[in-house]
Every structure is written in C-alpha cells, then in structure tokens.
Amino acid sequence: MDSSIASASAGWLPWALLGAALVLAGGLGLALARQWRRGRGLGRRLRDANSALDELRQRDSLTGLPMRADFERALAEAVARADADGATVAVLHLGLDNFRPVNDGYGHRVGDAVLREVGARLSAAAGDPLAVCRVGGDEFALLLPGADADTARRRAQQLVAELARPYACEGLELQLGASVGFALYPDHGGRPRLVPHAALAMRSVKLAGGDGIACYDSSMATDLRGQAELMQDLRRAIELRQLQLVYQPKVDAASLQVTAVEALLRWQHPTRGMVSPAVFIPLAERHGLIAGIGRWVFSEACRQAGEWRARGLRMRVAVNLSGQQLRHEDFVPWLEAELRRHAIPPGRFTVEITESVAMEDTESTRAAFERLRNAGLHVSIDDFGTGHSSLASLRRLPAAELKIDRAFVTDLPTSAQALAIARAIAQMATTLGLRVVAEGVETEGQRDALLGLGCHELQGYLFAKPMSASSLEMWADGESSGPAGTFRPSLFDPTRPLPLS
Ligand code: C2E
Ligand code: CA
Ligand code: CA
2 MDSSIASASA GWLPWALLGA ALVLAGGLGL ALARQWRRGR GLGRRLRDAN
52 SALDELRQRD SLTGLPMRAD FERALAEAVA RADADGATVA VLHLGLDNFR
102 PVNDGYGHRV GDAVLREVGA RLSAAAGDPL AVCRVGGDEF ALLLPGADAD
152 TARRRAQQLV AELARPYACE GLELQLGASV GFALYPDHGG RPRLVPHAAL
202 AMRSVKLAGG DGIACYDSSM ATDLRGQAEL MQDLRRAIEL RQLQLVYQPK
252 VDAASLQVTA VEALLRWQHP TRGMVSPAVF IPLAERHGLI AGIGRWVFSE
302 ACRQAGEWRA RGLRMRVAVN LSGQQLRHED FVPWLEAELR RHAIPPGRFT
352 VEITESVAME DTESTRAAFE RLRNAGLHVS IDDFGTGHSS LASLRRLPAA
402 ELKIDRAFVT DLPTSAQALA IARAIAQMAT TLGLRVVAEG VETEGQRDAL
452 LGLGCHELQG YLFAKPMSAS SLEMWADGES SGPAGTFRPS LFDPTRPLPL
502 S
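Numbering-wise, the sequence shown is residues 2 to 502 according to the numbering used here.
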C-alpha cells in the first residue's frame with residue numbers, strides 16, 4: 002500500500018465511503034473518481050469532495066431543483082420583505098394527479114423522466130431559480146413573493162395548464178393533471194405554516210377528485226380529519242356488513258323488457274347515514290382500499306346472480322370495475338374462479354369500465370383486457386364520451402357495449418352539441434358492432450331522442466331507480482308494479498349474451 006495513503010488510514014474509510022456515495026450520485030461522482038485515480042493529494046481531493054457534496058446538497062438529485070432548505074430561506078426573505086413593505090406572499094403546493102399509475106404502469110424510468118420535466122417546466126415558469134423545490138415524490142412547492150389571492154389563483158391556473166401539456170418520453174405521450182393548493186402570508190399563518198397549509202389545500206383538491214385549485218381555509222384541517230375517520234370506518238365496513246348492493250335495470254329500448262341489471266354499491270354508515278359511492282369509491286381508490294371492496298362487490302353480485310339464475314331470472318348482471326382492480330395481475334383469474342364457483346357463464350356477466358380507464362394504454366391494463374376477452378366476459382365502456390377514444394383504440398378493446406355518459410343524455414333535448422355527440426357515439430358503436438346503452442334517462446323527451454338515435458338499451462329513473470335484490474324480485478314476480486309504470490315484468494324472458502368481437 003502507498004505509504005501516504007497508509008498514514009492517512011484513520012480518516013480513509015469514511016472518505017472512501019463518501020467517494021463511493023459520490024460515484025453513485027452520478028456524473029459529479031464519476032469526475033471525482035477520475036481525479037482520484039489520477040492520484041492527486043489527499044487534502045485537495047478532500048476539498049473537491051466537500052465542494053462536490055455541497056453542490057449535491059443544494060440540488061434535488063432527480064430534478065436538479067434547489068433543496069427545501071434553500072426554498073425555506075427564500076421564503077423567509079420574501080416574508081421579511083413583506084413585513085417591511087406590507088405586501089403579501091403566496092406559497093403554492095402542487096401535486097400531480099394520477100402519477101402513480103404512470104410510475105406503476107411504465108416503470109420508474111418513465112416516472113423519473115416525467116418528474117424531471119415537471120421540475121423543468123415549473124422552474125421556467127417561476128423565473129427565480131430559488132422559487133421552486135420538490136417537497137415529496139410528485140409534489141412541488143412554488144413561491145410567489147408579492148402575490149395576493151387573485152394573482153396566486155391566476156398563476157396556479159397557468160401552471161396547471163403548463164403541466165397539462167403532454168409529456169413525451171421513451172416513445173410515449175403521457176398526459177397528467179395537477180392539483181394546486183395555496184396559502185397567503187400573513188392571512189393564513191406565519192412562515193412555518195405556509196407550506197403545510199398550502200399542502201392541506203392541495204389535499205382538499207385531491208379529495209374532491211383532483212385537477213383543480215384551492216385557497217387554504219381553516220376548515221380544511223377538520224375536513225381532512227373527517228375523511229381520515231371515514232376511511233378508518235370504511236376499512237371495517239365489510240366486516241360489519243354495512244355494505245350492500247342495489248340493482249338498477251337496463252331495459253331493451255324497443256320492448257322495455259329488462260335485459261340486465263347493474264350492481265351499485267351502497268354504504269349504510271351507522272352515524273353518517275347513506276354514504277354515496279361517488280364519495281367513498283374515489284377515496285377508497287386513493288387509500289388502497291378498493292381491491293378488498295371490489296372483490297366483495299364481485300362475489301356478492303355473483304352470489305346474487307347465481308340465486309336469480311336458480312330461480313329462472315335470466316338477465317345479465319353488471320358490476321363496475323375500478324382501474325386499480327384491473328391493474329392487479331391476479332384479478333381476472335380470481336374473477337373467473339368466482340364465476341365458476343357460482344356456476345355463472347361469463348357471457349352473462351358484464352363488467353363496466355369507464356372510458357378513461359379503458360383508454361389507459363399501460364401494459365397492465367392491456368393485459369387485463371386481453372384476459373377479460375379470453376375469459377368471455379361482456380365488457381361495457383362506461384361514461385362514454387368523456388374520454389378521448391378513437392375508433393382505432395376502441396377496436397382494440399374487447400368491448401361489447403358503450404354507455405353514453407349521463408351528461409349528454411341530460412342535455413339531449415336542449416343542446417345541439419349533446420345531440421351531435423350522442424349521435425356520433427351511436428354511429429361509432431354501430432360501425433364497430435357494439436351495443437349502445439344510454440344511462441340517466443329521466444324524461445320521455447330524452448327517451449324518444451335516444452330511440453331516434455338507435456340506442457339498444459336504456460337505463461334511468463324513467464324506468465327504474467336502483468333497488469334492493471328483494472324489491473327487484475317482487476317486481477319480477479309481478480307483486481309490485483314498476484316505479485315508472487312503463488316497465489313490463491319481463492325478467493323471466495331469456496336474454497342472450499352477446500358475442501364478443
Ligand atoms: P355509474 O357507474 O355511472 O352509475 C350510474 C349512477 O347514476 C348511479 O349512481 C345511479 O344511481 C345514477 N343514476 C342512474 N339513473 C339515473 C337517472 O336517471 N338520473 C340520475 N340523476 N342518476 C341516475 P350511484 O349508485 O350513486 O353510483 C355513482 C358511481 O359510483 C357510479 O357511476 C360508479 O362509477 C361508482 N360505483 C358504484 N358502485 C360501484 C362499485 O361497486 N365499484 C366501483 N368501482 N364503482 C362503483
Ligand atoms: Ca356504471
Ligand atoms: Ca356511467
């Protein structure tokens with residue numbers, strides 16, 4: 002061993018580890034390693050290493066943005082200036098919507114590339130290099146000295162638009178939304194509370210479905226606590242038998258006979274009363290509870306379908322699937338096993354998948370569709386018209402049915418645009434040999450317009466509201482008349498499963 006190195010051995014090991022860490026840290030480390038090999042003096046190398054480490058400490062290794070400490074220093078300076086001249090300061094907290102599916106579906110390399118690009122866009126938009134930092138995985142903070150609420154909101158809108166531009170990486174074109182919360186100094190607290198309060202405002206946007214902007218207000222902390230408690234209750238709702246399914250018929254447009262029922266989830270909470278699935282399903286998805294709930298829904302719908310089948314009720318049963326369920330590799334095999342257990346032919350079962358989930362072009366979603374097709378299930382594309390499907394992408398899906406989103410049905414008699422969209426969907430479906438279902442039909446005017454467009458099936462309060470299994474049976478048995486009086490008790494008529502394309 003070289004004697005100069007041997008004499009410095011006491012300080013050598015930590016320095017070697019430091020060197021190794023720097024090598025791992027990227028190009029800077031490589032440059033250092035090269036210098037090191039050239040055998041320069043120990044003191045010089047130590048100095049280089051320290052300044053390199055300093056440099057690294059000042060930058061987020063992934064995005065190259067300043068570190069949180071520098072951001073906080075810039076914030077403290079802006080607050081001090083505001084104190085001196087009576088101005089305001091705004092802190093924005095930005096979170097990407099749907100970043101996790103990108104990371105999970107395409108891998109970390111693509112995820113990291115997206116985050117780097119987000120960092121670059123925010124940095125360019127902020128102007129000042131110290132005014133933006135990454136505060137967590139896919140979350141960023143941005144400082145706007147001198148901004149009041151109006152300015153903060155306007156800038157937030159610009160940033161959301163900037164982040165919504167497509168991300169091109171590894172041959173993919175990805176699109177992401179963003180949720181932004183902001184807090185103002187001095188109105189919403191002292192310097193240490195500004196980032197946490199802006200983050201709280203951002204969480205409230207996310208809880209409401211994302212893709213929006215919110216200004217902090219003091220009630221948000223209690224709202225979030227309420228949501229956390231709700232999730233805790235939801236974790237035990239299955240065990241406590243608080244979940245149940247109700248069923249809403251789909252009727253044949255020409256004969257008004259029932260062809261299918263859609264299972265819809267209900268949560269009877271002991272103190273809050275009935276909690277809408279529109280509220281708790283998105284929350285369950287965000288908190289990783291949807292897998293267990295989704296399995297319960299499917300099992301229960303299979304059990305019920307088996308029971309109806311034994312009684313001679315021959316309509317299809319539909320369940321709604323969430324995107325996260327599709328991404329679970331073992332989901333479709335499990336689903337097939339469950340159908341077998343209840344002796345239900347897969348063609349008699351429909352899975353409703355929203356258009357936006359169906360159009361996610363990830364490996365796992367594609368694989369799940371392939372498995373659904375092979376299993377022979379009837380796939381319905383829900384909320385159709387709200388996403389960005391093309392004829393080409395639709396052709397690749399094993400869909401048997403398109404459901405025109407309720408928004409277009411509602412506006413049908415009054416909006417020429419809604420009518421044009423509904424007509425285009427019906428034509429597209431006909432071209433592809435798919436059935437067209439219209440949901441949310443409430444009036445005879447809507448029904449007539451949909452009949453004119455050639456819709457095959459209709460669903461909505463005009464015919465029947467969602468009802469319990471026993472109410473449905475009473476109705477089928479002719480023991481009660483249909484809620485709208487327009488329904489013929491035809492549940493015993495056989496319906497044929499549609500062949501899959
Ligand atoms: P969706 O799948 O689009 O279901 C249709 C919703 O519209 C249902 O609300 C239904 O009760 C309501 N609806 C039906 N006809 C009419 C009508 O004529 N007028 C009006 N105004 N509304 C009508 P619901 O049951 O509250 O469900 C809301 C959403 O929650 C569903 O939308 C679906 O996305 C989700 N969901 C419900 N059950 C499940 C489930 O078991 N799993 C998953 N993943 N999502 C579910
Ligand atoms: Ca549905
Ligand atoms: Ca729908």
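For every residue, glycine included, the Cβ atom is placed at its ideal position computed from N, Cα and C.
Here the distance from the Cβ of T411 to the nearest heavy atom of ligand 3 is not below 8 Å.
By the C-beta criterion, the segment 239-254 is judged to be in contact with the segment 286-298, since at least 3 inter-stretch pairs fall below 8 Å.
DSSP places S220 inside the alpha helix (DSSP H), whose first and last residues are 220-238.
The Cβ-Cβ distance between L327 and I345 does not fall below 9 Å. In this structure, E73 lies near V196, with their beta-carbon atoms less than 9 Å apart.
Assignment of R74 by DSSP, reduced to helix, strand and coil, places it in the helix class.
Per DSSP, H329 lies in no alpha helix (DSSP H) and is assigned neither H nor E. Taken in chain order, the complete alpha helix (DSSP H) segments of 4 or more residues contained in the segment 267-310 are 278-287. DSSP places F350 within a strand segment (E or B) once states are collapsed to three. Of the residues assessed, G182 falls on the buried side of the cut-off, its CB having 16 or more other CB atoms within 10 angstroms. According to the DSSP assignment, I345 belongs to no beta strand (DSSP E), since it is labelled neither H nor E. Looking only at G274, L76, D149, the smallest Cα-Cα distance to P193 is reached by L76. If you draw a straight line from the Cα of L235 to the Cα of A302, it comes to about 19 Å. Of the heavy atoms belonging to ligand 1, none sits nearer than 8 Å to the Cβ of A344. Taking the Cβ atoms as the reference, A254 lies roughly 6 Å from E458, within the contact range of under 8 Å.
The alpha-carbon separation between R154 and A83 amounts to approximately 19 Å. Under DSSP, P467 forms no beta bridge with any residue. In summary, E364 is exposed, with fewer than 16 beta-carbon neighbours lying within 10 Å of its beta-carbon over all protein chains present. Taking the CA atoms as reference points, I405 sits about 9 Å from T387. In this structure, the C-beta of K466 stays at least 8 Å away from each heavy atom of ligand 2. For E163, same chain residues with a beta-carbon under 6 Å away, outside a window of 5 residues either side, are R122, A126 in chain order.
An exposed status is given to S469, since fewer than 16 other beta-carbon atoms sit within 10 Å of its beta-carbon.
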